[in-house]
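The working numbering applies: residue 80 is where the sequence shown begins, and numbers increase by one.
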Amino acid sequence: MKLTFLGTSAGKPTRERNLSAIALEFDQDNKWYLFDCGEATQFQLMKSKLSIGKLDSIFITHLHGDHFYGLPGLLASKKMDEALKPLTLYGPKGIRKFIDCMLDVSQREIGYPLTIIEYEDNQEFVFDKFTVKVLPLVHSIESVAFYIQENDISNKLDEAKLREIGLEPSPLYGELKKGKTVTFEGKTLNPKEFMLEPIKGKRIIISGDNAKPDIMGEYLRDLDLLVHECTYTQEVYDNLKVEILHTTSKDLGVAAAKFGVKNLITTHISPRYHKDGKFTIRMIEDEIKESYDGNLFIANDLDVFTLNANKISYFHTQPKTVQLHQKT
80 MKLTFLGTSA GKPTRERNLS AIALEFDQDN KWYLFDCGEA TQFQLMKSKL
130 SIGKLDSIFI THLHGDHFYG LPGLLASKKM DEALKPLTLY GPKGIRKFID
180 CMLDVSQREI GYPLTIIEYE DNQEFVFDKF TVKVLPLVHS IESVAFYIQE
230 NDISNKLDEA KLREIGLEPS PLYGELKKGK TVTFEGKTLN PKEFMLEPIK
280 GKRIIISGDN AKPDIMGEYL RDLDLLVHEC TYTQEVYDNL KVEILHTTSK
330 DLGVAAAKFG VKNLITTHIS PRYHKDGKFT IRMIEDEIKE SYDGNLFIAN
380 DLDVFTLNAN KISYFHTQPK TVQLHQKT
């Protein structure tokens with residue numbers, strides 16, 4: 080499972096960060112999935128290794144502009160690139176009206192099948208390699224998180240055991256994987272005797288804007304990966320002239336620790352935070368770590384994270400590779 084962060088800023092872009100957009104890929108899959116689509120997402124795609132022609136579905140967490148204003152350009156570029164495979168757009172009520180209005184005013188045709196699904200809270204969607212459940216959050220408008228459950232892998236052969244009896248990789252391996260009994264050197268091989276225990280699929284949450292991370296409750300329990308907004312540190316939030324329903328690094332750290340989240344990636348960083356200056360990214364990191372001792376990453380634009388059975392690998396945009404074992 081691989082995530083590419085195409086935009087990590089909150090509200091408006093900065094010189095360091097574009098607006099919210101995350102790409103999700105699965106192993107041995109020729110498709111990818113986009114979560115939110117802030118302005119200039121199509122431009123960020125050109126800096127990544129992702130192909131717009133392989134984009135299968137788009138999920139929008141809520142209808143604030145920094146999370147979906149990139150849709151018109153992305154949908155138009157898909158046609159201009161002659162990437163005409165069908166696309167499905169999942170969003171809250173109102174997303175269809177937005178797309179219909181955009182097409183009507185611009186007098187443009189999409190040029191490929193576009194299915195628009197306006198989801199309901201707690202609705203589930205089934206895909207080839209995973210399922211998605213819509214979880215309601217707390218924000219100034221309707222906002223959701225997407226709970227993603229990867230399918231279990233149950234067709235892995237115990238190749239070491241097969242080699243012990245002299246059966247090297249061959250078409251018979253494929254037959255056993257399909258659950259078929261085979262004959263080797265006069266012996267009947269039952270596929271159940273040569274299958275490894277199923278590998279449990281990973282569970283992740285990609286969250287929209289949210290003032291109360293613990294509202295997701297037991298969905299967070301021992302979660303493999305939580306991707307969550309972290310717009311402010313607590314002190315900055317407490318001194319805002321107008322209270323805004325976003326998560327602070329303090330509250331996020333407390334919630335992640337409470338439910339035993341294994342890996343935490345923060346995004347949607349307020350433009351006031353930079354690498355250097357009065358308000359730094361380190362402040363966010365330090366405040367989360369006051370409560371949370373799991374694997375923590377503050378996402379930058381174009382960072383790539385790979386989550387597999389044993390570890391999360393992190394490729395930073397300044398090329399730097401870090402590998403951390405998952406906390407058990």
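Don't be surprised by glycine CBs; every beta carbon is placed ideally from N, CA and C.
How far does the beta strand (DSSP E) with G86 in it reach, from first residue to last?
-> 81-86
Alpha-carbon spacing of L343 relative to N269, whole angstroms | 42 Å
In angstroms with no decimal places, state the Cα-to-Cα distance between K281 and M362.
-> 30 Å
Cα-Cα separation between K279 and D301, rounded to whole angstroms | 13 Å
Just grab the DSSP bridge partners of Y169 for me.
-> F138, I196
Determine the closest residue to I101 out of Q107, A119, K337, with distance taken between C-alpha atoms.
-> A119
Quick one: using the 10 Å Cβ neighbour count with 16 as the cut-off for buried, is K329 buried or exposed?
-> buried
Three or more beta-carbon pairs under 8 Å between the region 227-235 and the region 207-214, yes or no?
-> yes
Between L166 and the rest of its own chain, which residues show a CB-CB distance below 6 Å, the 5 nearest in sequence each way excluded?
-> L193
With 16 as the cutoff for other CB atoms within 10 Å, does M54 come out buried or exposed?
-> A query on residue 54 cannot be resolved here, the shown segment of the chain reaching from 80 to 407 and no further.
Mapping DSSP to helix, strand and coil, what is L98?
-> strand
Of all the options L275, E276, T310, P277, which has the alpha carbon lying nearest to the alpha carbon of P292?
-> T310
Taking all protein chains shown into account, do 16 or more other C-beta atoms lie within 10 angstroms of the C-beta of E199, making it buried, or fewer, making it exposed?
-> exposed
Could you give the residue range of the beta strand (DSSP E) that holds V205?
-> 203-205
Output the boundary residues of the beta strand (DSSP E) element that contains H307.
-> 304-308
T312 in three-state terms, based on DSSP | coil
For F105 and Y352, the rounded distance between their alpha carbons | 32 Å
Just how far apart, CA to CA, sit T345 and K266?
-> 55 Å
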